[in-house]
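Residue numbers (the working numbering): 4 to 160. Where a beta carbon is used, it is the ideal one built from N, C-alpha and C, also for glycine. From a predicted model like this one, the values you see are computed outputs, not experimental measurements. Written below as structure tokens is the structure these notes are about.
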């Protein structure tokens, strides 16, 4: 399995980096561990402290912006996971589950393509161990008018 340093190097090679820690908006925690499983709370993408993108995919938000938001959420999830693992993403054995929610216009059935941006990030980092079960759901609205929200579960050492 890759080490924390090699995973951060892979991110850097992709032109990506982990963001600042998320701050929960509400009465919940960002992660919970049970045995060898870590469950991450749903997160939305923010730029400059504000939700981004916002609005409805297929009406106000392009596929490119929605996918970019999903990738940034993937990075935020990785930051939360790294914090939960005392700074060591190398302890991840398997990405188990990703659940993505997209505020989508009626008839926009390709929201799994949006969530692929997060899945592709995890696979790029961990290879086969990054492949996971997944749910992609189109919804009428998400918190703070976010376009995308994603949560995830990981098997860890």
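Between residue i and chain D, is the shortest Cβ-Cβ distance under 8 Å, so that the two count as touching?
i: residue 5; result: Of the protein chains in the structure, only one exists, and it is not chain D.
Looking at the structure shown, is residue i part of a helix, part of a strand, or coil, going by DSSP?
i: residue 127; result: helix
i: residue 146; result: helix
i: residue 101; result: strand
i: residue 122; result: helix
i: residue 28; result: coil
i: residue 117; result: helix
i: residue 83; result: helix
i: residue 23; result: coil
i: residue 67; result: helix
Taking buried to mean at least 16 other C-beta atoms within 10 Å of its own C-beta, is residue i buried or exposed?
i: residue 28; result: exposed
i: residue 38; result: exposed
Just reading off the beta strand (DSSP E) that residue i is part of, what are its end residues?
i: residue 47; result: 40 to 47
i: residue 154; result: 151 to 159
i: residue 94; result: Note, residue 94: premise wrong, no beta strand (DSSP E); not H, not E.
i: residue 134; result: Unbroken run through residue 134: none, as it is neither H nor E.
Considering only residues of the same chain and omitting the five flanking positions on each side of residue i, which have a CB-CB separation below 6 Å?
i: residue 68; result: 56
i: residue 95; result: 157, 159
i: residue 133; result: 98, 125, 126
Leaving out five residues on either side along the sequence, give the residues of the same chain with a beta carbon under 7 Å from the beta carbon of residue i.
i: residue 74; result: 120, 121, 124
i: residue 111; result: 60, 61, 141
Self-check item: Touch test, the region 100 to 111 against the region 140 to 159, Cβ-Cβ under 8 Å, three pairs minimum
Solution: Cβ pair count under 8 Å is three or more, so yes.
Exercise. Answer yes if the region 116 to 126 comes into contact with the region 137 to 155, meaning at least three C-beta pairs across the two stretches below 8 Å, and no otherwise.
Key: Taking one beta carbon from each stretch, the region 137 to 155 and the region 116 to 126 have 3 or more pairs nearer than 8 Å; the two touch.
Practice problem: Would you check if there are 3 or more beta carbon pairs closer than 8 Å linking the region 132 to 139 to the region 7 to 26? | Solution: Contact between the region 132 to 139 and the region 7 to 26 is absent, because fewer than three Cβ pairs lie under 8 Å.
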